[in-house]
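Using full-length UniProt numbering, the first residue of the sequence shown is number 1, and each one after it goes up by one. We put the beta carbon where it would ideally sit given N, CA and C, even for glycine. Let me begin by presenting the structure, written as structure tokens, before commenting on it.
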Amino acid sequence: MALHHETPLLESRPLSLKAGCVVQLKMEALQPSGSFKIRGIGAACERHARNGKRRFVSSSGGNAGLAVAYAGRRLAIPATVFVPETTTERARALIRQEGAELVVHGASWQEANERALEAVDAETAFIHPFDDPILWEGHATMIDEVVTAGAAFDAVVLSVGGGGLMAGVAEGLARNGMQDVPIVAVETGGAASLAASIKAGRRVELPGITSIATSLGARRVCERAFELARSYPVESVVVSDRDAVGACIGFLDDHRVLVEPACGAALSVAYAYPERLSKYERVLIIVCGGATATVRQLLEWRES
Ligand SMILES: *Cc1c(COP(=O)(O)O)cnc(C)c1O
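Right, here's the structure in full:
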């Protein structure tokens with residue numbers, strides 16, 4: 001049985017009124033690991049388990065690491081998550097809470113990732129946070145669910161970090177015969193590696209990440225995401241951290257669900273730039289979720 005849940009699809013009255021079109025929300029924030037990532041990572045971990053792997057390794061201190069930890073507990077396979085010293089106490093606690101081994105190593109993700117790769121042997125599956133076709137196939141199930149529910153939509157709004165979510169949604173659209181539906185791909189200013197790549201006409205690597213939306217903090221998007229931006233109707237939108245945090249707080253009031261700024265980025269198109277949606281009739285926003293922000297942290301970000 002799949003490790004992800006079928007999530008609710010809600011029509012948002014407050015966001016529909018703001019955007020001047022019907023806004024539908026795919027509530028991935030309600031997944032057991034707190035984000036959409038369990039769809040693809042759960043599928044990957046189940047496959048590795050069937051193929052005889054006896055340990056999972058991740059180098060993500062965010063929602064990907066959390067999804068691997070959750071999958072490990074559910075499949076009774078030990079998981080080890082390597083994170084850098086910058087990983088928040090909150091994220092560390094969430095990973096440990098799933099029973100995973102947590103190894104803190106290095107000043108940045110690069111160092112933690114190198115250490116993680118050293119720990120991989122023949123019996124270990126290394127789970128990449130976004131750049132793996134197995135993940136995209138798993139993420140695509142969220143579109144299958146919306147289509148099976150009979151919901152119509154003429155645009156999908158989603159956040160982009162490394163581009164795994166976008167690759168999965170594009171795959172879901174394609175396998176449901178909806179490859180003409182545009183994707184509005186949202187990033188925050190300090191993490192806009194897709195926007196920079198589109199502008200440069202090649203896949204560029206950002207010198208660093210300066211956004212608080214750390215779950216969008218891939219310095220370079222995966223090849224597949226860049227390819228999609230060229231071959232597929234993708235509209236790139238860059239919002240500010242302030243927009244993203246404001247949307248998280250607005251969403252908490254409107255829909256009583258707490259999400260990270262990484263998800264607030266996509267929601268902020270409806271909250272702060274509704275004119276970008278008014279050309280559509282029925283949009284689908286992927287409420288990708290994220291478990292590592294707290295209410296207190298959101299309020300602190302808003303003040304700073
Ligand atoms: C991982 C993540 C993203 C970005 O997904 P990518 O596949 O890296 O583009 C966005 N929001 C949340 C909450 C995430 O955990």
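**Asked** Between L117, A44, G189, which lies nearest to Y70 when the distance is taken from Cα to Cα?
**Response** As a position in the sequence shown, residue 70 is number 70, starting the count at 1. If we check each option's Cα against that of Y70, A44 comes out closest.
**Request:** Could you check what DSSP says for G162 in three-state terms: helix, strand or coil?
**Result:** Translated into the one-based positions of the sequence shown, residue 162 becomes position 162. Coil, per DSSP.
**Message:** In this structure, how does DSSP classify E260 when only helix, strand and coil are distinguished?
**Reply:** In the sequence shown, the residue the question calls residue 260 occupies position 260. Looking at E260 - three-state DSSP - the assignment turns out to be coil, as it is neither helix nor strand.
**Message:** Do S58 and I143 have their beta-carbon atoms positioned less than 8 Å apart in this structure?
**Reply:** Sequence index remark: in the sequence shown, residue 143 carries index 143 (1-based). Sequence index remark: in the sequence shown, residue 58 carries index 58 (1-based). Result no, Cβ atoms of I143 and S58 do not sit closer than 8 Å.
**Asked** For P233, which of A262, A291, V295, A167 has the nearest alpha-carbon?
**Response** The residue given as residue 233 occupies position 233 in the sequence shown. Considering only alpha carbons, the answer is A167.
**Message:** With the cut-off set at 8 Å, would you say I285 and A270 are in Cβ contact?
**Reply:** One-based indexing of the sequence shown puts residue 285 at position 285. One-based indexing of the sequence shown puts residue 270 at position 270. Contact flag set, yes.
**Asked** Residue ranges of each beta strand (DSSP E) run of no fewer than 3 residues wholly in the stretch 20-84, ordered along the chain?
**Response** 22-26, 55-58, 79-83
**Message:** Any heavy atom of ligand 1 closer than 7 Å to the beta-carbon of F130?
**Reply:** Sequence index remark: in the sequence shown, residue 130 carries index 130 (1-based). The answer is yes for F130.
**Item:** Where the alpha helix (DSSP H) containing I285 begins and where it ends
**Value:** Stepping through the sequence shown from its first residue, residue 285 is reached at position 285. Premise fails: I285 lies in the beta strand (DSSP E), 282-286, not in any alpha helix (DSSP H).
**Best match in E205, K53, P274, K279 for proximity to T124 [C-alpha to C-alpha]** = Within the sequence shown, residue 124 is the residue found at index 124, counting from 1. The shortest Cα separation from T124 among E205, K53, P274, K279 belongs to K53.
**Message:** Please classify A107 as buried or exposed, where buried requires at least 16 other C-beta atoms within 10 Å of its C-beta.
**Reply:** Working through the sequence shown from its first residue, we reach residue 107 at position 107. Classification of A107: exposed, given that the 10 Å Cβ count is below 16.
**Message:** Closest to E11 by C-alpha separation, out of E85, R92, A151, E260, would be which residue?
**Reply:** Locating residue 11 in the sequence shown gives position 11, counting from the first residue. Comparing Cα positions, the closest option is A151.
**Request:** Note down, one range per segment and in chain order, each beta strand (DSSP E) of at least 3 residues found wholly within the stretch 164-226.
**Result:** 183-188
**Item:** At least 3 beta-carbon pairs within less than 8 Å: the stretch 188-207 vs the stretch 270-280
**Value:** no
**Request:** Check the DSSP bridge columns for F126 and list the partner residues they point to.
**Result:** Along the sequence shown, one-based indexing puts residue 126 at 126. Answer is V57.
**Closest by C-alpha distance to D121, when choosing among R55, P84, F153, L299** = One-based indexing of the sequence shown puts residue 121 at position 121. The candidate whose alpha carbon is nearest that of D121 is R55.
**Request:** Under the assumption that R39 contacts T148 (Cβ atoms under 8 Å), give the Cβ distance between them as a whole number of angstroms.
**Result:** For the purposes of this step, residue 39 is identified with residue 39 of the sequence shown, where counting begins at 1. For the purposes of this step, residue 148 is identified with residue 148 of the sequence shown, where counting begins at 1. Not really, about 15 Å apart at Cβ, beyond 8 Å.
**Prompt:** Hey, would you say the C-beta of M166 is under 7 Å away from at least one heavy atom of ligand 1?
**Reply:** Looking up residue 166 in the sequence shown gives position 166. Yes, Cβ of M166 sits closer than 7 Å to a heavy atom of ligand 1.
**Item:** Simplified DSSP state of E98, which is helix, strand or coil
**Value:** If you number the sequence shown from 1, residue 98 lands on position 98. Three-state result, E98: coil.
**Item:** S278, buried or exposed, once every other Cβ within 10 Å from all chains shown has been counted against 16
**Value:** Residue mapping note: residue 278 aligns to position 278 of the sequence shown, counting from 1. Label assigned to S278: exposed.
**Asked** Q297 CB to nearest chain D CB: under 8 Å?
**Response** Although the question refers to chain D, the structure presented lacks it and comprises just one protein chain.
**Prompt:** Given that a residue counts as buried once 16 or more other Cβ atoms are within 10 Å of its Cβ, and exposed if not, what is M27?
**Reply:** Here residue 27 refers to the residue found at position 27 when the sequence shown is read from its first residue. Buried, by the Cβ-count rule.
**Prompt:** When you compare only the Cα positions, how much space is there between S197 and S231?
**Reply:** In the sequence shown, residue 197 corresponds to position 197, counting from 1. In the sequence shown, residue 231 corresponds to position 231, counting from 1. So the two alpha carbons sit approximately 14 Å from each other.
**Prompt:** What is the DSSP secondary structure of residue 359, reduced to helix, strand or coil?
**Reply:** Residue 359 lies beyond the range of the chain shown here (1 to 304); nothing can be said about it.
**Asked** Skipping 5 residues on each side, what residues in its chain have a beta carbon closer than 7 Å to that of C21?
**Response** Reading the sequence shown from its first residue, position 21 is the one you call residue 21. Cβ within range, chain order: L277, S278, Y280, E281, R282, V283.
**Prompt:** Less than 8 Å separating the beta-carbons of V194 and V160?
**Reply:** Taking the first residue of the sequence shown as 1, we reach residue 194 at position 194. Taking the first residue of the sequence shown as 1, we reach residue 160 at position 160. Here residue 194 is Leu; the residue named in the question, Val, does not match the sequence. Contact: yes.
**Message:** If you follow the alpha helix (DSSP H) that V120 is in, where does it begin and where does it stop?
**Reply:** As a first step, residue 120 is located in the sequence shown; it is residue number 120 there, counting from the start. Premise fails: V120 is in no alpha helix (DSSP H) and is neither H nor E.
**Item:** Residues sharing a beta bridge with G289, DSSP
**Value:** Translated into the one-based positions of the sequence shown, residue 289 becomes position 289. Partner(s): S35.
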